[in-house]
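Below: the structure, in structure tokens.
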Amino acid sequence: MSDQIQLPVPDAAALEHSARVNRFIRRRIAEAGGWIDFSEYMQMALYAPGLGYYSAGAHKFGESGDFVTAPEVSPLFSSCLARAFIDLSYGSDSLPGPPTILELGAGSGVMAVEILQTLQRLNALPERYLILEVSADLRERQRRFIAERVADLAERVVWLDELPAAPITGVIVANEVLDAQPVTRFVVDADNRICILGVEASGSGFGWGRRPAEAALHKQLLEIADDLDVVWPPGYASEWSPVIDGFMAGLSQSLERGLIMLIDYGLPMKAFYSPERASGTLVCHYRHRMHTDPFFYPGLQDITAWIDFTRVANAAAVADLDVLGFTTQAQFLLGGGVEEEFALLTESSGAAQDPREQIRIAAGLKTLMMPGQMGENFKVMALGRQLPQGPASVCANDLLHLL
Ligand SMILES: C[S@@+](CC[C@H](N)C(=O)[O-])C[C@H]1O[C@@H](n2cnc3c(N)ncnc32)[C@H](O)[C@@H]1O
Numbered sequence: 006m007s008d009q010i011q012l013p014v015p016d017a018a019a020l021e022h023s024a025r026v027n028r029f030i031r032r033r034i035a036e037a038g039g040w041i042d043f044s045e046y047m048q049m050a051l052y053a054p055g056l057g058y059y060s061a062g063a064h065k066f067g068e069s070g071d072f073v074t075a076p077e078v079s080p081l082f083s084s085c086l087a088r089a090f091i092d093l094s095y096g097s098d099s100l101p102g103p104p105t106i107l108e109l110g111a112g113s114g115v116m117a118v119e120i121l122q123t124l125q126r127l128n129a130l131p132e133r134y135l136i137l138e139v140s141a142d143l144r145e146r147q148r149r150f151i152a153e154r155v156a157d158l159a160e161r162v163v164w165l166d167e168l169p170a171a172p173i174t175g176v177i178v179a180n181e182v183l184d185a186q187p188v189t190r191f192v193v194d195a196d197n198r199i200c201i202l203g204v205e206a207s208g209s210g211f212g213w214g215r216r217p218a219e220a221a222l223h224k225q226l227l228e229i230a231d232d233l234d235v236v237w238p239p240g241y242a243s244e245w246s247p248v249i250d251g252f253m254a255g256l257s258q259s260l261e262r263g264l265i266m267l268i269d270y271g272l273p274m275k276a277f278y279s280p281e282r283a284s285g286t287l288v289c290h291y292r293h294r295m296h297t298d299p300f301f302y303p304g305l306q307d308i309t310a311w312i313d314f315t316r317v318a319n320a321a322a323v324a325d326l327d328v329l330g331f332t333t334q335a336q337f338l339l340g341g342g343v344e345e346e347f348a349l350l351t352e353s354s355g356a357a358q359d360p361r362e363q364i365r366i367a368a369g370l371k372t373l374m375m376p377g378q379m380g381e382n383f384k385v386m387a388l389g390r391q392l393p394q395g396p397a398s399v400c401a402n403d404l405l406h407l408l
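In the working numbering, the protein residues as written are 6 to 408.
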């Protein structure tokens, strides 16, 4: 794909960095006998210490990076999230909100700042705001950003190296973290067999190499097709997450009582594995260009895949979590006080007197809400333990029946 669309050429330092990532992955492929599963390639390209896209120093977020996420688009996203957190009772009489918040994959740190600011305004600050961030580089950037923006709240923020040893009471939140987890790719061959698409060295870069799917995965994929009553034609390719069960088990073990909010682009299983979606959901982001070539300059671009939310809900239920609600981002924001937050933001930013600021705030809201932008592709899933119900903003327009 990258040879069909014009992607900007990286500078010399970036090219050198990508060459190091390339050598690292090639060594691993050679050690493994010439072929690795795509999930292993994706893991290294994104997270190899000091090398991967998220682990090394590239800018990533916002206008000067490769992509924008909802909290980078507008503070309205984080303020509506924060409002959802105080909608519920966590069993503490003294606190109106969650005693602890744990954010996974905090990116630039902007969502943490804006959630804390909103909860401060609503007199519902958590005692602790924990961040689990796998990238040492991002963790440092988050630390600096939070200290600069909310110095008076920074002491509540604590970074973790792994999920908390003692389960928390409160909220676990992750925006666009599931889509950054490694996926396995599969394809249906000309004889209708399901093959795994792995990665081989090819010339100075990488290429796809097929192997028959091992028995357990083959069986699971056939069960999915059977349950959905679909026939995938030859050439049909898609993704399957090898990590989601462990991921949800980890979240379950980390929660004593409270809410888990997962926000990401994704679909119910039926739509995810529809024969019409014949080349899967893998998407790469490089300087605001979207394309589908994960072998383009490894280490310099983001690689993501959409979420099968039916599988997330099933994995959550197996991990003994309650599946409380599922809706689109647009419905979540509408039900979560976005109009009131919009009015407050317009007032506090002086936009009422500044037409350019007004346009900027309105454009952010539009990106978050419009169906062709983030409004429908992005979904919000609420899971929980020992809560009577999920936040009204998720449950009022519940789409759980689609899963
Ligand atoms: C696409 S970015 C989203 C960042 C941020 N949540 C936002 O919305 O702007 C993915 C983030 O998740 C982090 N990450 C990926 N896997 C993770 C994991 N298993 N646990 C914690 N953080 C993770 C990445 O380092 C990065 O900060």
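All C-beta atoms, glycine included, are put in the ideal place defined by N, C-alpha and C.
Quiz prompt | Minimum C-alpha distance to H158 - residue among R198, Q186, A117 | solution = His is not the amino acid found at residue 158; the sequence shown has Leu there. Residue A117 is the option with its Cα nearest to L158.
Quiz item: Hey, would you say the C-beta of F90 is under 7 Å away from at least one heavy atom of ligand 1?
Solution: no
Quiz item: What residue from A276, G96, R292 has the CA that sits closest to T286's CA?
Solution: A276
Quiz item: Assuming G369 and V78 make a contact with CB atoms under 8 Å, what is their CB distance in whole Å?
Solution: 5 Å
Practice problem: Put S83 into one of helix, strand or coil per three-state DSSP. | Solution: helix
Quiz item: If you drop the 5 nearest sequence neighbours on each side, which residues of the same chain put their C-beta closer than 7 Å to that of F301?
Solution: S7, L12, C289, Y291
Self-check item: Proximity winner among N319, Q306, P169, relative to I229 (alpha-carbon distances)
Solution: N319
Quiz item: Looking only at its own chain, which residues have a Cβ that is under 6 Å from the Cβ of W245, when we skip the five neighbours before and after it?
Solution: T189
Self-check item: Same chain, Cβ closer than 7 Å to G55, neighbours up to 5 away in sequence not counted
Solution: A61
Practice problem: Determine, using beta carbons only, whether E153 and Q147 come nearer to each other than 8 Å. | Solution: No, Cβ-Cβ distance for E153 and Q147 is not below 8 Å.
Quiz prompt | Separation of R33 from D269, as counted between CA atoms | solution = D269 and R33 have their alpha carbons spaced roughly 31 Å apart.
Practice problem: Please confirm whether any heavy atom of ligand 1 lies closer than 7 Å to the CB of M116. | Solution: yes
Exercise. Reducing DSSP to helix, strand and coil, say where I41 ends up.
Key: strand
Quiz item: What's the call for L388, buried or exposed, on a 16-neighbour Cβ count within 10 Å?
Solution: buried
Quiz item: Less than 7 Å between the CB of S94 and some heavy atom of ligand 1, yes or no?
Solution: no
Exercise. With DSSP collapsed to three states, give me the class of E108.
Key: strand
Quiz item: Does the beta-carbon distance from A87 to I120 come in below 8 Å?
Solution: yes
Exercise. Give the secondary structure of V139 by DSSP, where H, G and I count as helix, E and B as strand, and everything else as coil.
Key: If DSSP states are grouped into helix, strand and coil, V139 belongs with coil.
Quiz item: Less than 7 Å between the CB of S257 and some heavy atom of ligand 1, yes or no?
Solution: no
Exercise. Count the other CB atoms, across all protein chains shown, that sit within 10 Å of the CB of G39; report buried if there are 16 or more and exposed otherwise.
Key: exposed
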